[in-house]
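A.B. asks: Quick note: the sequence shown uses this note's numbering, first residue 1, plus one each step.
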Amino acid sequence: MPVVRDAEIEALVRDYARPIFKAAGLANEGIDIVLVNDPSFNAFVTGRRLFVNTGALVTAETPNEIIGVIAHEAGHIAGGHQQKLRDQLDRAKTMAIIATLLGAGAMVAGATTSSKGLAQRSILAYQRTEEITADRSAITYLNATGQSGMGMLKTFGRFQSALSLAGTQVDPYRISHPMPQERIANLEVLVRQSPFVSVVDPPALQQRHDMMRIKIAAYMQGQAAVARLMRKNPTSLASRYGDAQQTYLYGNPGAALTKTAALIKEQPKNPYFQELRGDILMKANKPKDAADAYAKAVSLDPAHSGLLLVSLGQALMAVGTPDSLKKAVVQLNNGVGRDKENAEAYRFLAQAYGEQGDIPAADLATAEGHYYAGDYKNAKIFAMRAQQKLKRGEPRWVRAQDIINYTPSNKLK
Numbered sequence: 001m002p003v004v005r006d007a008e009i010e011a012l013v014r015d016y017a018r019p020i021f022k023a024a025g026l027a028n029e030g031i032d033i034v035l036v037n038d039p040s041f042n043a044f045v046t047g048r049r050l051f052v053n054t055g056a057l058v059t060a061e062t063p064n065e066i067i068g069v070i071a072h073e074a075g076h077i078a079g080g081h082q083q084k085l086r087d088q089l090d091r092a093k094t095m096a097i098i099a100t101l102l103g104a105g106a107m108v109a110g111a112t113t114s115s116k117g118l119a120q121r122s123i124l125a126y127q128r129t130e131e132i133t134a135d136r137s138a139i140t141y142l143n144a145t146g147q148s149g150m151g152m153l154k155t156f157g158r159f160q161s162a163l164s165l166a167g168t169q170v171d172p173y174r175i176s177h178p179m180p181q182e183r184i185a186n187l188e189v190l191v192r193q194s195p196f197v198s199v200v201d202p203p204a205l206q207q208r209h210d211m212m213r214i215k216i217a218a219y220m221q222g223q224a225a226v227a228r229l230m231r232k233n234p235t236s237l238a239s240r241y242g243d244a245q246q247t248y249l250y251g252n253p254g255a256a257l258t259k260t261a262a263l264i265k266e267q268p269k270n271p272y273f274q275e276l277r278g279d280i281l282m283k284a285n286k287p288k289d290a291a292d293a294y295a296k297a298v299s300l301d302p303a304h305s306g307l308l309l310v311s312l313g314q315a316l317m318a319v320g321t322p323d324s325l326k327k328a329v330v331q332l333n334n335g336v337g338r339d340k341e342n343a344e345a346y347r348f349l350a351q352a353y354g355e356q357g358d359i360p361a362a363d364l365a366t367a368e369g370h371y372y373a374g375d376y377k378n379a380k381i382f383a384m385r386a387q388q389k390l391k392r393g394e395p396r397w398v399r400a401q402d403i404i405n406y407t408p409s410n411k412l413k
């Protein structure tokens, strides 16, 4: 599935997840949040990664709805459910695995009387008890962090409505998050008993959520989707943010800069307004000014995102002077240092090294890019090329050897 990378959205989802993970005892477990470019409402966990669909983020009207989903998935991680399920999936056919991972509301088409159907029923039935346990754990984490479970109720209600549209003859064992009707009833009792049932999201967090939704709409769903979100409050900061993004994407840079300048005046410490300004200036072929904007974004960013550093490095490369190229290499290395799995960043770094004439470093960066993109064949080819020009035993030579020796696991990750 395609993965979406965005510093602002990733920072917000991490802010949603951080207190929940701490309550679940997962604060130091190194769990990565992955944004999946999928319009459906879903989140799922595999290994040490928590996947959240962009469809979930843009559909959820409040942070609490997403936080509830994250709390549910944290329950799976803390309970070790994914390892148990993986043992089952290792023995399942491909379609059964896909059906399980599709998430809440996803239906498995076809009859259940075949051997394949029975295999799918067995796996999903095994998951059912874990779903119920994860729901209870989620409420525990929400209570521990002083948050309401009402968002979870609303989310499950959405799932139930989606299922009812599929028809009245629904086999609950063929739904990867099974029997939402029963889960809603059980969950509602727990939510109503909580002393935090009436707690709502802080206004500042809600504003960030609104800005995230309109950003996803602008970049992935088009102008009509942005217009629908703006309709409720066309003068809000989120609406004006969406308008500036639309103007950047579909209009002219000058007007987009004017609108972005107004946003910056209102929130001068917002790093993502500076990031947007940098994006606009790059589109306008003004890389030096763009680099200044990205540098400002980096200095303001409390999340220390590697993505902003990579944008700064790209702009410095585009400036095209020897000095800016040298600075670009520094910033790109800083970026991959904070975000080592950013395959695209390694490609920019390889280009920068190549322009400097440092071919071994360029080959190794190219190998890293292929490696983190999952193209292990080409990763090994470029790692071997790099090794031929590097001193045996030095750190870069050792890293190249690690890539050459890597054998991907056949097990589900």
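All C-beta atoms in this analysis are idealised placements derived from N, C-alpha and C, irrespective of residue type, glycine included. Because the structure is a prediction, the values reported are computed rather than measured.
1) Return the first residue and the last residue of the beta strand (DSSP E) that R49 is part of.
2) With C-beta atoms as the reference, is V319 less than 8 Å away from A345?
3) Whose C-alpha, out of Y250, S239 and G306, is nearest the C-alpha of R208?
4) Buried or exposed for G254, please, with buried defined as at least 16 other CB atoms from any protein chain shown within 10 angstroms of its CB.
5) In chain order, what residues of the same chain lie with their CB nearer than 7 Å to the CB of A379, ignoring the 5 residues before and after it?
6) Assuming A362 and A373 make a contact with CB atoms under 8 Å, what is their CB distance in whole Å?
7) When the Cα atoms are used, what is the spatial distance from Q314 to K340?
8) Would you mind working out which of M220, P360 and Q267 sits nearest Y250, comparing C-alpha positions?
9) If I measure Cβ to Cβ from A134 and keep anything under 6 Å in the same chain, skipping five residues before and after, which residues do I get?
10) Given L316, which residues of its chain have a CB within under 6 Å of its CB, disregarding the five upstream and five downstream residues?
11) Check whether the stretch 149–157 touches the stretch 56–69, counting contact only when three or more Cβ pairs, one atom from each stretch, lie closer than 8 Å.
12) Quick check: what's the CA-CA separation for P234 versus K259?
13) Would you please state the rounded distance, in angstroms, between the beta carbons of G335 and G306? I believe it to be under 8 Å.
14) Counting only the same chain and skipping the five closest in sequence on each side, list residues whose C-beta sits under 8 Å from that of R14.
15) Where do the ends of the beta strand (DSSP E) carrying I33 lie?
16) Quick one: what's got a C-beta closer than 6 Å to K93's C-beta in the same chain, skipping five residues either side?
17) With DSSP as the reference, label A43 as helix, strand or coil.
18) Would you kindly work out how many angstroms separate the C-alpha atoms of Y406 and A218, rounded to a whole number?
19) So what does V4 bridge to, in DSSP terms?
20) So what's K288 in DSSP terms, helix, strand or just coil?
21) Helix, strand or coil for T321 per DSSP?
22) Do V36 and F21 come within 8 Å of each other at the CB atom, strictly closer than that value?
23) Take the Cβ of P202 as the centre, count every other Cβ of all protein chains shown within 10 Å, and call the residue buried at 16 or more, exposed below.
24) Can you name the start and end residues of the alpha helix (DSSP H) that H304 belongs to?
25) Can you give, in chain order, each stretch of the alpha helix (DSSP H) that sits fully within the stretch 202–272 and has at least 4 residues?
26) Expressed to the nearest angstrom, what Euclidean distance is found between the alpha-carbon atoms of P195 and Q401?
27) Using a Cβ-Cβ cutoff of less than 6 Å, which residues in the same chain neighbour A297 once the five nearest sequence positions on both sides are dropped?
C.D. replies: Walking through what the data contain:
1) R49 to N53
2) no
3) S239
4) exposed
5) A367, H370, Y371 and I403
6) About 17 Å separates the two Cβ atoms, so there is no contact after all.
7) 17 Å
8) M220
9) H72, G75 and H76
10) A291, S324, K327 and A328
11) yes
12) 14 Å
13) 4 Å
14) I33 and A303
15) D32 to V36
16) Interpretation of K93 is limited by its pLDDT of 36, a score under 50 that renders its predicted location unreliable; the figure taken from the coordinates is listed afterwards. Answer for K93: no residue qualifies.
17) strand
18) 39 Å
19) L35
20) helix
21) coil
22) no
23) exposed
24) From DSSP, H304 is part of no alpha helix (DSSP H); its letter is neither H nor E.
25) 203–216, 223–231, 237–250 and 253–266
26) 56 Å
27) P271, Q274, E275 and L308
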